[in-house]
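Asker: I'd like to ask some things about the structure below.
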Amino acid sequence: MVDALALFYVSAVSLLFFFWVYGIYAFSRDCRNTYAPKFRRTVRGWRLQRTEEEQQELNESERQLL
23 MVDALALFYV
33 SAVSLLFFFW
43 VYGIYAFSRD
53 CRNTYAPKFR
63 RTVRGWRLQR
73 TEEEQQELNE
83 SERQLL
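The opening position of the sequence shown corresponds to residue 23 in our numbering, with each subsequent residue numbered one higher.
As structure tokens, this is what we get:
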């Protein structure tokens with residue numbers, strides 16, 4: 023009886039461990055496919071905005087020199 027109960031316990035824990043690992047994998051996959059591109063897009067927008075502001079400042083300083 024103890025052997026059967028131990029076998030059931032080990033198999034149940036193994037099954038739950040499989041779903042736990044799959045959940046971690048699915049979460050990392052979702053983050054990679056949804057949040058990472060959004061973060062990259064946001065950073066790209068910040069950089070583009072900064073370069074546009076620098077270009078405008080350069081144009082204004084050139085106008086003031088003329």
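C-beta atoms are modelled at their ideal positions from N, C-alpha and C, and glycine is treated no differently.
Cα separation between Thr-73 and Leu-37?
Answerer: Along the sequence shown, one-based indexing puts residue 73 at 51. Along the sequence shown, one-based indexing puts residue 37 at 15. So the two alpha carbons sit approximately 53 angstroms from each other.
Asker: Distance check for Ile-46 and Val-35, CA to CA, integer angstroms please.
Answerer: Taking the first residue of the sequence shown as position 1, residue 35 is located at position 13. Taking the first residue of the sequence shown as position 1, residue 46 is located at position 24. Cα to Cα, Val-35 sits roughly 16 angstroms from Ile-46.
Asker: If we ignore side chains and look at the alpha-carbon of each, how far apart do Asp-25 and Phe-49 end up?
Answerer: Residue numbering aside, residue 25 sits at position 3 when the sequence shown is read from its first letter. Residue numbering aside, residue 49 sits at position 27 when the sequence shown is read from its first letter. Near 36 angstroms, if we compare the C-alpha coordinates of Phe-49 and Asp-25.
Asker: In chain order, what residues of the same chain have a beta carbon less than 7 angstroms from the beta carbon of Glu-82, not counting five sequence neighbours either side?
Answerer: Position 60 of the sequence shown holds residue 82. If we look at Glu-82 and ignore the five residues flanking it on each side, it has no Cβ neighbours.
Asker: How is Leu-38 classed by DSSP in three states: helix, strand or coil?
Answerer: The residue you call residue 38 lines up with position 16 of the sequence shown. DSSP places Leu-38 in helix when its eight states are reduced to three.
Asker: Take Asp-52 and list the residues in its own chain whose beta-carbon comes closer than 7 angstroms to its own, dropping the five residues that flank it on each side.
Answerer: Here residue 52 is taken as the residue at index 30 of the sequence shown, counted from 1. Excluding positions up to five away in sequence, the list is empty.
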